[in-house]
Structures are given as C-alpha cells and as structure tokens.
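Take the position in the sequence shown, starting the count at 1, then add 1441; the result is the number in my numbering.
Yeah, the Cβ is synthetic: ideal placement off N, Cα and C, and Gly gets one too.
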Amino acid sequence: MKILGIETTCDETSAGVVKDSRLVLSNIISSQAKLHNKYGGIVPEIASRKHLEVLPIVAHEALLQAKTHIDDIDTFAVSKEPGLPPALSVGYAYASGLALANKKPLVEVNHLESHISGIWIYKNKKNKKKIPYPYICLLVSGGHTQIRLVTNSINQRIIGQTLDDAAGEAFDKIARLLNLSYPGGPEIERVSKEGDENTINFPRPMIKSDDFNFSFSGLKSAVKREFEKLNKFNIKYKNNKTLYKEINHNFICDIGASFQEAITDVLVFKTIKAANTLGINTITIAGGVSVNSRLREKLARACHEEEFSFYYPETEFCLDNAAMVAARGAELIKN
Ligand code: KG4
Ligand code: ZN
C-alpha cells in the first residue's frame, strides 16, 4: 500500500510517500523559517499563503522522488489537528481535492500522534526498528510537551503535560530574548556548545511534583531576570566595542547552556520517573525538540543506567514532515 501524506500544521510545507506503513519513498519539506525570522515567530497568515503557493510543487516533487504516479497512490493522509487553523485548512483542502479527484480515501491524522510514528519510519532498511509495546514517549514540540503511554499502534494515553509553555516554545522565547534567530531551539543548542552549563543554576520547575506534568514559565522568567542583570553589568563596557561584544557573546553562550541544562534535566527526570512508576522499560522521544543532542545524550545515559531501551527518530523525521503523517494514516487504516 502506498500513501501520500500532506503536512501543513505550522511553518513547514511537506508531502511524502510511504510504502507499507514504514518505508519512506520520499519526504519533501519546504521550510518557511527564513520568512518568519524577522517577526521572531510564526505569522499564521503568511504561513497559510506560502503553503498555498508551494504545496502543489512539493507534492509533485514527492511523487517524482518516490517514482510513483498519482494513480498508484492508494490513500491520502492529512494532518487535521492540532495546528494553526489557516495553515491546516490549506493542507486539508488540497488533500481532500486529491482524494476526491482520484477517487481514493482520505485519512485524517492527529499531528501529535503522527510525531510518534516518526520514530519507527525509515528510508534505509538498515535503520528499520521494531519498538516493543508498551512504551513511554516524551513528545516535545513547539506547541506541545507531553508524556504519553503508547500501548499499541492505535492507543496512546497522555499521562503528563505542560501546564503553560511547551518546551520548544520556551527554547524559541529564550532565543528571542537573547537576540538569536527563529527557530530558537537549534540556536540555543549552537551557542550552548560554546558556553558553560554550570554558570547559572536555573530552577528545575516541578521536578519534585508527584505527577508527570511540566511548567516552564518560571524558568523563562528566571532566565529573563538573569539576562537583565548581566546586561546592566555589561553596559559599562559599551564604549569598548570589542570587549562589549565579547562579554555579551560569553553571556549569551553561558545563559543558553545553563537554560538548556535546566530544561533537559526536568524533561529527562520526569520521563524516567513515569517509566519507573508505570513499570515500563522502553522509552522513546519525538517532536522537534527531540533533535536536541544534549537532551538525547542525557536521556540515553539515564536509560542506560536504568537498563531501559531507548529509541528516537532519525533527524529528518523529528521536525514536522509528511512521511510521519502518511505512516500514521497507514496505521489507522490497518487497524
Ligand atoms: O515538532 P516541530 O517541528 O513543530 C511543532 O509541531 O511544533 O517542533 C518545532 C520546535 C521549535 O520550537 C524549535 O525551536 C524546536 O522544535 N527545535 C529544537 C531544536 N530543533 C528544533 N529545540 C531544541 N533543540 C533543537 N536542536
Ligand atoms: Zn510538530
């Protein structure tokens, strides 16, 4: 079975073809990040107009790369929710049109569930993996942060989630505060490599709470306070441009690294705690923030210590992409 997936929930326009629910024949992603950069975040109206412009080209390219004719597509899959409503409606209208014109079914897919399908899809057979059920998934994206218990290919239960900002959103907001570009996650990760994560001991919010929930707004305020304090200190060097720039750069790297350390500590601690409490010994990670190498490294180490198995998606399938949407569509149809 071949499925063509369409993804337009946020600022990535994507189309991809998946065969037999796991093998990715193509996954074309056109990112709008540069377009939204100057606004420091996503402008929904600009996102939807760009989707409208590039989606037919992206879908055409996905078929070409998969060496597949549209007549050979058995089913169409599309992200229905959650996402930016104007952006979602472009993808939904396009996928509905394709299904109707080609007299094939259309499967509506939940975007968050599809992120979890991103863990086990592959382009190259050597990356094929079979994850045993049940498992815990730390789902960390720009809009959501959840811990899910996945009991089979259909059932996923949310057992913990953020009470305010999502992890990706926190990365984006802190990056903006530090005058780094959008999206903020990769930027924070980049500057952190030059910084010292032990410079500032930021709070680890809710780490001791009895549940598996998160809250990042207090951490965000603590970073803001620290940045303002350091900025005040640096102002006296303003006349010495070279020194001012150097001090500023070091501040940003150290604050970025200390923030990344605090947020990843909480994410890892709560995920391990959920697995231990529920007696689950397989842990997975999904969503845009799962690209973060410090988070992966710490979670992998914690899983090793607990003798848990640990699985994560290939980088291409962490961020928003249509291959995961097609894969989720295939799972739903199979069941
Ligand atoms: O899953 P995703 O592509 O979109 C949503 O469904 O929201 O996630 C996007 C988020 C953004 O907030 C971005 O800053 C974050 O993922 N992100 C990262 C990294 N790469 C992307 N966060 C931390 N470290 C990264 N390397
Ligand atoms: Zn996403």
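Endpoints, the beta strand (DSSP E) within which residue i is located
{"i": "R1598", "result": "Q1597 to Q1602"}
{"i": "T1683", "result": "Looking at the DSSP string, T1683 is not in any beta strand (DSSP E); the run it does join, the alpha helix (DSSP H), is K1682 to L1719."}
{"i": "F1749", "result": "Run containing F1749: none; DSSP gives neither H nor E here."}
{"i": "S1520", "result": "T1516 to E1522"}
{"i": "T1640", "result": "T1640 -> no beta strand (DSSP E), and no H or E assigned at all."}
Local conformation of residue i per DSSP, three classes
{"i": "S1462", "result": "coil"}
{"i": "N1551", "result": "strand"}
{"i": "R1742", "result": "helix"}
{"i": "I1444", "result": "strand"}
{"i": "K1571", "result": "coil"}
{"i": "A1607", "result": "coil"}
{"i": "S1650", "result": "coil"}
{"i": "S1558", "result": "helix"}
{"i": "T1449", "result": "coil"}
{"i": "T1509", "result": "coil"}
{"i": "Y1563", "result": "strand"}
{"i": "N1722", "result": "coil"}
{"i": "N1620", "result": "coil"}
Beta-carbon spacing of residue i, residue j below 9 Å
{"i": "L1740", "j": "A1608", "result": "no"}
{"i": "Y1533", "j": "R1463", "result": "no"}
{"i": "H1556", "j": "L1580", "result": "yes"}
{"i": "V1591", "j": "T1725", "result": "yes"}
{"i": "G1457", "j": "A1716", "result": "no"}
{"i": "L1547", "j": "T1516", "result": "yes"}
{"i": "Y1752", "j": "K1570", "result": "yes"}
{"i": "D1706", "j": "R1631", "result": "no"}
{"i": "T1723", "j": "N1654", "result": "no"}
Distance, residue j Cα to residue i Cα
{"i": "G1728", "j": "K1460", "result": "22 Å"}
{"i": "G1659", "j": "D1652", "result": "18 Å"}
{"i": "K1679", "j": "K1665", "result": "21 Å"}
{"i": "E1772", "j": "S1594", "result": "7 Å"}
{"i": "N1412", "j": "A1503", "result": "For residue 1412 there is no data in the structure shown, the boundaries of the chain being 1442 and 1776."}
{"i": "D1606", "j": "A1540", "result": "36 Å"}
{"i": "A1536", "j": "R1617", "result": "35 Å"}
{"i": "I1588", "j": "K1479", "result": "33 Å"}
{"i": "A1698", "j": "D1512", "result": "50 Å"}
{"i": "E1667", "j": "F1692", "result": "10 Å"}
{"i": "K1567", "j": "W1561", "result": "12 Å"}
{"i": "T1449", "j": "G1583", "result": "14 Å"}
{"i": "I1777", "j": "C1451", "result": "Nothing about residue 1777 can be read from this structure; the chain reaches only from 1442 to 1776."}
{"i": "I1498", "j": "I1469", "result": "10 Å"}
{"i": "E1453", "j": "K1670", "result": "37 Å"}
{"i": "C1694", "j": "E1635", "result": "6 Å"}
With 16 other Cβ atoms within 10 Å as the buried cut-off, status of residue i
{"i": "M1647", "result": "buried"}
{"i": "M1765", "result": "buried"}
{"i": "S1520", "result": "buried"}
{"i": "H1501", "result": "exposed"}
{"i": "I1704", "result": "buried"}
{"i": "D1637", "result": "exposed"}
{"i": "Y1574", "result": "exposed"}
{"i": "L1505", "result": "exposed"}
{"i": "P1624", "result": "buried"}
{"i": "R1598", "result": "exposed"}
{"i": "S1455", "result": "buried"}
{"i": "A1474", "result": "exposed"}
{"i": "S1633", "result": "buried"}
{"i": "A1518", "result": "buried"}
Residue i - containing alpha helix (DSSP H), residue span
{"i": "R1490", "result": "P1485 to Q1506"}
{"i": "E1669", "result": "S1658 to N1675"}
{"i": "V1591", "result": "Premise fails: V1591 lies in the beta strand (DSSP E), T1586 to V1591, not in any alpha helix (DSSP H)."}
{"i": "V1581", "result": "Unbroken run through V1581 is the beta strand (DSSP E), Y1576 to V1581; no alpha helix (DSSP H)."}
{"i": "I1629", "result": "G1625 to S1633"}
{"i": "I1774", "result": "A1763 to K1775"}
{"i": "V1732", "result": "Run containing V1732: none; DSSP gives neither H nor E here."}
{"i": "G1532", "result": "P1526 to N1543"}
{"i": "K1475", "result": "A1474 to N1478"}
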